[in-house]
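Take a look at the structure below.
There are 2 protein chains.
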Amino acid sequence: MRRSQHDRSSSTRSALTTAARALFAARGYHAVPADEIVRAAGVTRGALYHHYADKQALFRDVVVEIETEFTAEIDAVLGDAPDLATGMVGALGAFLDICARPEIRQVVLTDAPAVLGWNEWRAIEAEHGLGTLVDMLTRAVDEGLIAPQPVDVLARLVLSALIEAALVIASAEDPASTRAEAEHALGLWFAGILAPPPEA
Amino acid sequence: MRRSQHDRSSSTRSALTTAARALFAARGYHAVPADEIVRAAGVTRGALYHHYADKQALFRDVVVEIETEFTAEIDAVLGDAPDLATGMVGALGAFLDICARPEIRQVVLTDAPAVLGWNEWRAIEAEHGLGTLVDMLTRAVDEGLIAPQPVDVLARLVLSALIEAALVIASAEDPASTRAEAEHALGLWFAGILAPPPEA
DNA sequence: TTACATACATACATCATGTATGTATCGTGG
DNA sequence: CCACGATACATACATGATGTATGTATGTAA
């Protein structure tokens, strides 16, 4: 069976990212030697360093892959909703669920900022998780759902609170009540965003 | 000059933490070999591995040291204020200023979660930065400044938003306006916390 | 002062990364 | 279709970092 160069490349690349993804998620970036990744992928280190400049580059690919799937899930929830308001509620729930996955916690939220550097990580986030949030808030402003205001910074703050909420819930001994508490606290924020108090 | 064992120990330990602190802050945990730390501290790797189980343990000490100073600064601001309300406003400003320091950004906010693991890092935070925030909110509830509510989860979410605000401001091309925007967004939240809307 | 514990230095074993080099497979112009 | 260049990968190696084992000096207490 004769395979094209492109097929060979893309199949080994995906073998590498899939193997790396599972290992990184389970044990964290630095605890996983490249040797173990390539063995799991059925290739050698030569293949890895042919396709990627270094281990970081492979890690970045894994992060982007995960982020892409992440936002696709959120977008699906938003798309299925009858209107924006209920879509946003559904998206919040989906977000909290997705962030609870070890893959997200370890790879995206814990390792990524330290391994890639905060700026690099921020750039990736900007066009994935953060991007969809900004879009959502922009639509909300356009539809008059929330008061007109710049949403870039707001989106970052909301996102970090959402992430923290997911992490807190994931490591709580009573996830259900913790989740309720978190949703209450976030609700207070959104209430403020929806109906800003008259100027003091 | 004859020095006691205890003196010898504590002086080399502090030499190690001070050297490590500066190097970690400047280049990040993994970019700094232990060799460089001990050279800067004027000792050898033997001393390091005598006092610390591994490089991580030294790093943990550095993190705790920084966190302790951090919360001391915040507490000072709170203590100097005439009342809690103005103290909280001052503390917010101080918090944003302190988080802008590279030492905090690199060591505490970027490296610590990945190097120590999220749970370990969370435990440290709990009795330092987060601890003072919880105390503050508890006092605010006691004094009737904010509505009665569980503050543990709320504090975590607020803290993460505050940290994110500091990081966003630090890497913004126009820090002043970004800071204003962040303070506005946070203000909406606090407004919601102060005056929860009537139940829907 | 003798015997032990603590503080540190030196030397070494292990292991991970990245690079250099060699080989097989693929694509392509003649 | 074949010869040549390029791409995909494997193997071998050089480097550097961590942690441990061992040796030595200094403090401490009987």
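Quick mapping for you: the protein sequence lines, in order, are chains C and F. So in the UniProt record's numbering, spot 178 of the first sequence is number 178, and the numbers just go up one at a time. So in the UniProt record's numbering, spot 84 of the second sequence is number 84, and the numbers just go up one at a time. Glycine is no exception: its CB is placed at the ideal position from the N, C-alpha and C atoms. Since this is a predicted model, take the numbers as computed values, not measurements.
Would you give the residue range spanned by the alpha helix (DSSP H) that residue 129/C belongs to? In the first sequence, counting from the first residue as 1, residue 129/C sits at position 129. Taken as a continuous stretch (DSSP letters only), the alpha helix (DSSP H) holding residue 129/C covers 129-142.
Residue nearest to residue 134/C in terms of C-alpha spacing, selected from 156/C, 124/C, 53/C, 107/C: For the purposes of this step, residue 134/C is taken as residue 134 along the first sequence, with counting starting at 1. Taking only the C-alpha atoms, the option nearest residue 134/C is 156/C.
Proximal residues of chain C, C-beta to C-beta of residue 171/F below 9 Å: The sequence position of residue 171/F within the second sequence is 171, counting from 1. Per Cβ cutoff of 9 Å: 118, 119, 122.
How many angstroms separate the CA atom of residue 183/C from the CA atom of residue 31/F? Within the first sequence, the letter at position 183 stands for residue 183/C. Within the second sequence, the letter at position 31 stands for residue 31/F. Those two C-alpha atoms are separated by around 39 Å.
Practice item. Could you tell me whether the stretch 86-97 of chain F touches the stretch 57-76 of chain F, using the rule of 3 or more Cβ pairs below 8 Å? Key: Short answer: they touch.
Original post:
Which one of 176/C, 154/C, 167/C, 163/C has the shortest CA to CA distance from residue 187/F?
Top reply: In the second sequence, the residue the question calls residue 187/F occupies position 187. Nearest option by C-alpha distance: 154/C.
| For residue 35/F, three-class secondary structure by DSSP | By one-based count along the second sequence, residue 35/F stands at place 35. Three-state result, residue 35/F: helix.
- What did DSSP end up calling residue 171/C once you bin it into helix, strand or coil? Position 171 of the first sequence holds residue 171/C. Note: residue 171/C maps to coil in three-state DSSP.
Cβ neighbours of residue 169/C in the same chain (closer than 7 Å, five flanking residues each side left out):
Numbered from its first residue, the first sequence carries residue 169/C at position 169. Closer than 7 Å at the Cβ level, and outside the excluded window around residue 169/C, lie 96, 100, 175, 178, 179, 182.
Practice problem: Could you say if the stretch 105-117 of chain C and the stretch 3-22 of chain F meet the contact criterion of at least three C-beta pairs nearer than 8 Å? | Solution: no
What number of angstroms, rounded off, separates the C-alpha of residue 22/F from the C-alpha of residue 16/F? Sequence index remark: in the second sequence, residue 22/F carries index 22 (1-based). Sequence index remark: in the second sequence, residue 16/F carries index 16 (1-based). C-alpha separation (whole angstroms): 10 Å.
Notebook entry, point to check: Would you call the CB atoms of residue 167/C and residue 122/C closer than 9 Å?
Noted result: Here residue 167/C refers to the residue found at position 167 when the first sequence is read from its first residue. Here residue 122/C refers to the residue found at position 122 when the first sequence is read from its first residue. Cβ distance not < 9 Å, so residue 167/C and residue 122/C don't count as in contact.
Task: Member of 171/C, 44/C, 145/C whose CA lies at the smallest distance from the CA of residue 84/C - done: Walking along the first sequence from the start, residue 84/C turns up at place 84. It is 145/C.
Environment of residue 197/C [buried if 16+ CB atoms lie within 10 Å]:
Within the first sequence, residue 197/C is the residue found at index 197, counting from 1. Confidence in residue 197/C is poor, its pLDDT being 47 and thus under 50, which makes the residue's placement too unreliable to answer from.
Residue 56/F to residue 68/F span [Cα, whole Å]: On the second sequence, residue 56/F is found 56 positions in, with the first residue counted as 1. On the second sequence, residue 68/F is found 68 positions in, with the first residue counted as 1. The straight-line gap from Cα to Cα measures roughly 18 Å.
| said: Beta-carbon within less than 6 Å of residue 193/C's beta-carbon, same chain only, minus the 5 sequence neighbours each way: which residues are those? | reply: Reading the first sequence from its first residue, position 193 is the one you call residue 193/C. Contacts found: 146.
Handout entry: Span separating the alpha-carbon of residue 87/C from that of residue 149/C
Key = Start at 1 with the first residue of the first sequence, and residue 87/C comes out as number 87. Start at 1 with the first residue of the first sequence, and residue 149/C comes out as number 149. Using only the alpha carbons, I get a separation of about 21 Å.
Exercise. Would you please verify whether the beta carbon of residue 197/C is less than 9 Å from any beta carbon of chain F?
Key: Along the first sequence, read from residue 1 onward, the residue named residue 197/C stands at position 197. Legend: pLDDT at residue 197/C = 47, less than 50; position of this residue unreliable, value from coordinates given subsequently. Chain F contact via Cβ: present.
request  = Take residue 139/C and list the residues in its own chain whose beta-carbon comes closer than 7 Å to its own, dropping the five residues that flank it on each side.
outcome  = Stepping through the first sequence from its first residue, residue 139/C is reached at position 139. Excluding sequence neighbours, residue 139/C sits near 84.
query = So, does the CB of residue 113/F fall closer than 9 Å to a CB anywhere in chain C?
reply = Taking the second sequence and counting its residues from 1, the one referred to as residue 113/F is at position 113. With 9 Å as the cut-off, residue 113/F counts as an interface residue toward chain C.
message: Can you pull the chain F neighbours of residue 150/C, defined as C-beta to C-beta under 8 Å?
response: Taking the first residue of the first sequence as position 1, residue 150/C is located at position 150. Those within 8 Å of residue 150/C in chain F are 181.
To which residues of the same chain is residue 103/F closer than 8 Å at the C-beta, ignoring the five residues directly before and after it? Residue 103/F sits at position 103 when you count from the first residue of the second sequence. Closer than 8 Å at Cβ, skipping near neighbours: 21, 25, 66.
Do you know how far the Cα of residue 163/F is from the Cα of residue 127/F? What you label residue 127/F is simply residue 127 of the second sequence in a count that begins at 1. What you label residue 163/F is simply residue 163 of the second sequence in a count that begins at 1. When rounded, the distance between both Cα atoms is 17 Å.
### Task
Can you tell me the Cβ-Cβ gap for residue 113/C and residue 12/F, rounded? I've got them flagged as a contact below 8 Å.
Here residue 113/C refers to the residue found at position 113 of the first sequence. Here residue 12/F refers to the residue found at position 12 of the second sequence. Their Cβ separation, rounded to whole angstroms, is 32 Å, which puts residue 113/C and residue 12/F out of contact at 8 Å.
Comparing alpha-carbon positions, which option in 18/C, 172/C, 173/C, 190/C lies nearest residue 137/C? Against the first sequence, residue 137/C aligns to sequence position 137. Minimum Cα distance to residue 137/C is reached at 190/C.
Within 10 Å of its beta-carbon, does residue 44/F have 16 or more other beta-carbons around it, so buried, or fewer, so exposed? In the second sequence, residue 44/F corresponds to position 44, counting from 1. So residue 44/F ends up on the exposed side.
**Item:** 7 Å Cβ cut-off: residues of chain F touching residue 110/C
**Value:** As a position in the first sequence, residue 110/C is number 110, starting the count at 1. Simply 113, 114, 118.
Reducing DSSP to helix, strand and coil, say where residue 44/F ends up.
Counting from one through the second sequence, the residue named residue 44/F turns up at place 44. DSSP places residue 44/F in coil when its eight states are reduced to three.
Anything in chain C within Cβ reach of residue 192/F, meaning under 7 Å, just list it in chain order. Looking up residue 192/F in the second sequence gives position 192. Under the 7 Å cutoff, chain C gives 188, 189, 191, 192.
- Short check: CB of residue 41/F to CB of residue 18/F, under 9 Å? Start at 1 with the first residue of the second sequence, and residue 41/F comes out as number 41. Start at 1 with the first residue of the second sequence, and residue 18/F comes out as number 18. Contact: yes.
Query raised in the report: How is residue 89/F classed by DSSP in three states: helix, strand or coil?
Result: Along the second sequence, read from residue 1 onward, the residue named residue 89/F stands at position 89. Residue 89/F: helix per DSSP, three-state reduction.
With a Cβ-Cβ cutoff of 9 Å, do residue 185/F and residue 158/C count as a contact? Translated into positions along the second sequence, residue 185/F becomes position 185. Translated into positions along the first sequence, residue 158/C becomes position 158. Against a cut-off of 9 Å, the Cβ pair of residue 158/C and residue 185/F comes out as a contact.
### Query
Does residue 158/C get closer than 9 Å to chain F when you measure Cβ to Cβ?
Locating residue 158/C in the first sequence gives position 158, where the first residue counts as 1. Yes, residue 158/C counts as interfacial toward chain F.
Check: Cα-Cα, which of 14/F, 3/F, 27/F, 172/F is closest to residue 62/F?
Finding: In the second sequence, the residue the question calls residue 62/F occupies position 62. Ranking 14/F, 3/F, 27/F, 172/F by Cα distance to residue 62/F puts 14/F first.
Query - Other residues of its chain near residue 53/C: CB distance less than 7 Å, five sequence neighbours each side excluded - result: Your numbering for residue 53/C matches position 53 in the first sequence. Taking residue 53/C as the centre and dropping the five residues before and after it, the same chain places no C-beta closer than 7 Å to its C-beta.
At least one CB of chain C closer than 9 Å to the CB of residue 20/F: is that the case?
In the second sequence, residue 20/F corresponds to position 20, counting from 1. False, the Cβ-Cβ gap to chain C never drops below 9 Å.
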